[in-house]
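Numbering (mature numbering (1 follows the signal peptide of the UniProt record, and there is no 0)), first residue to last: -24 to -1, 1 to 556.
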């Protein structure tokens, strides 16, 4: 050790000398003269060191010559303020920039419960400022410009996510302890912390965007569990029956609007609006009841997937209904969506047979010791397919489900599902809580009479129409009624359709509020509706609507599906033969 110390000292001295020589090379002759002059004055009179005469100042000058102002200025941004205005991509209007207030007087303030979730305090870091326009729209600055690259944090978003996750956890625990579905706890927790409750969440758009991953991973996991063999069994009622259901709703609501003296376009939109069911909520309930592999579960899931595929067609139909585009243009838009859908699914089918198995086996070989890389690759694959589907004008939900189906054809489907399940459960709870934030408890309570009547009417009509459609495809009464009651609610996609229709001025303000409140209350009462299903089934047996032996049998190794007449039985084998 003693022998190494002289060597280390010499090495440090050599590095110091080398750094000094490098800095000396950076200085010009005038800098050296100034430094030598200042050094000679300091040696004779020893006054306080002058500015620019210290060794630190010499280093600063060298750094200034190395890092010029041109390095600090970023390249011209095409989306900058001046370029946007010059190219007429922006409209100038007055906005207010709001920054958090700091308490300079240090006065004591009374405690408020809402302040616990508020980051605007004098001891915390500085908040990202917000902008408010004349219509009270609040904009969060997403790309804060600074002279140097710095780490930017949106502390309000972090606070909002903490509030949503903690409240959803508390709501789920409370309802689980009470023996109720945890979905109700998530929805109720979201309504309490949302704008209609205590308004703890300030960045609604950002939270809802993050929560959208819940639907993506729910449908990805559904695709992993989905069997193409079972899909072939129910493809007729899922595809043809699902389309027939949407058309029937649009036709009946359009005729009703005309008979009542209203606009037929509004009636057609309301029909399309009511035909949507909640994929996330229904799927969660089917998982909790272990009914995904049952006959009515497969028909329900197939219909939900068809509805997700039809969203793009309905979006193309909205401009035609509001009169902003002609019928021919609308038909061309719908035809384009259909061609893109068929092409997209064909490409994915080819990739699922060629590239996907090789890719998954490669990830497994690289993840021999830990599943971290395989889990990350599975998530990336799901998001990539979902993003591609959205860019083609389809939907994120369709892409994520298709990604799951692609992996379900391989031998690693179950392993992938085990890796995705924790992520799916987390984001699903976040998504359901964000849906609850759209529910204004005060608004529902103020208009509970008309909204409750509307929800009951929607449940009865949807159950009757869907049951009739499923019954028309040869399924027994019990299966048809189970599918009808499972799809009797209005889905979260209806919020998107309603927002788009409102922007196109297709629906008026009062109708908008009625549909919004009905959808929110429908999602809340879905848990009660699923609770009533066993009682309705028992009542149907007592009233002899269907015989007791027409129950849907679900086996652990296989699923036996009975047809309406009981003469034809289709057995779908999963692991092995199953004798009933």
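Each residue gets a CB set at the ideal place from its N, CA and C atoms; glycine is no exception.
Can you tell me whether residue i is buried or exposed, with buried defined as 16 or more other CB within 10 angstroms of its CB?
i, result
"residue 433", "exposed"
"residue 234", "exposed"
"residue 438", "buried"
"residue 249", "buried"
"residue 284", "buried"
"residue 465", "buried"
"residue 132", "buried"
"residue 330", "exposed"
"residue 346", "exposed"
"residue 341", "exposed"
"residue 308", "exposed"
"residue 400", "buried"
"residue 167", "buried"
"residue 236", "exposed"
"residue 266", "exposed"
"residue 68", "exposed"
"residue 422", "exposed"
"residue 467", "buried"
Please work out which residues of its chain come closer than 7 Å, Cβ to Cβ, to residue i, disregarding the five sequence neighbours upstream and downstream, and give them in chain order.
i, result
"residue 183", "136, 137, 140, 177 and 410"
"residue 506", "261"
"residue 405", "144, 148 and 162"
"residue 419", "172 and 493"
"residue 351", "395"
"residue 431", "494, 497, 498 and 501"
"residue 339", "349, 350 and 353"
"residue 379", "196, 199, 357, 358, 361 and 362"
"residue 109", "69 and 71"
Can you round the beta-carbon distance between residue i and residue j to whole angstroms, since I take them to be within the 8 Å contact cut?
i, j, result
"residue 559", "residue 274", "Absent from the model: residue 559. The displayed extent of the chain is -24 to 556, so no value can be given."
"residue 495", "residue 470", "5 Å"
"residue 374", "residue 365", "5 Å"
"residue 370", "residue 407", "Not really, about 20 Å apart at Cβ, beyond 8 Å."
"residue 559", "residue 336", "Since the first residue of the chain shown is -24 and the last is 556, residue 559 is not available in this structure."
"residue 258", "residue 462", "6 Å"
"residue 295", "residue 473", "Actually they are not in contact, since the Cβ atoms of residue 295 and residue 473 sit about 13 Å apart, beyond 8 Å."
"residue 390", "residue 354", "Incorrect: roughly 12 Å between the Cβ atoms, too far for contact."
"residue 323", "residue 382", "About 11 Å; that fails the 8 Å criterion."
"residue 578", "residue 240", "Because residue 578 is not part of the residues shown, which for the chain are -24 to 556, the question remains open."
"residue 179", "residue 117", "At roughly 12 Å, the Cβ-Cβ gap does not stay under 8 Å, so residue 179 and residue 117 are not in contact."
Give me whichever residues DSSP pairs with residue i in a beta bridge.
i, result
"residue 107", "73 and 115"
Whose C-beta lies closer than 8 Å to the C-beta of residue i among residues of the same chain, with five residues either side of it excluded?
i, result
"residue 282", "214, 215, 218 and 219"
"residue 528", "Confidence at residue 528 is low in this model, with a pLDDT of 41, below 50, so its placement is unreliable and the value that follows should be read with caution. Closer than 8 Å at the Cβ level, and outside the excluded window around residue 528, lie 270, 271, 272, 454, 455, 458, 537 and 538."
"residue 211", "278"
"residue 363", "372 and 375"
"residue 516", "453, 454, 457 and 522"
Helix, strand or coil: how does DSSP classify residue i here?
i, result
"residue 221", "helix"
"residue 162", "helix"
"residue 483", "coil"
"residue 533", "Because the pLDDT of residue 533 is 32, which lies under 50, any placement of that residue in the model is unreliable, and the number read from its coordinates should be weighed accordingly. Correct three-state label for residue 533: coil."
"residue 509", "helix"
"residue 252", "coil"
"residue 30", "coil"
"residue 350", "helix"
"residue 198", "helix"
"residue 385", "coil"
"residue 418", "helix"
"residue 497", "helix"
"residue 449", "coil"
"residue 37", "helix"
"residue 289", "helix"
"residue 270", "coil"
"residue 211", "helix"
"residue 521", "coil"
"residue 379", "helix"
"residue 429", "helix"
"residue 475", "helix"
Please go through the same chain and pick out, in chain order, the residues whose beta-carbon is closer than 6 Å to the beta-carbon of residue i, but skip the five residues on each side of it.
i, result
"residue 151", "158, 160 and 161"
"residue 164", "147"
"residue 443", "456, 457 and 460"
"residue 445", "217, 220 and 221"
"residue 488", "478"
"residue 416", "172"
"residue 187", "406, 407 and 410"
"residue 17", "For residue 17, the predicted structure reports a pLDDT of 45, less than 50, and the residue's modelled location is therefore unreliable. A value from the coordinates is still provided. Same-chain partners within the cutoff: there are none."
"residue 509", "461"
"residue 403", "189, 190 and 193"
Is residue i close to chain D? Criterion is C-beta to C-beta, closer than 9 Å.
i, result
"residue 262", "Looking at the structure shown, chain D is missing, and only one protein chain is on hand."
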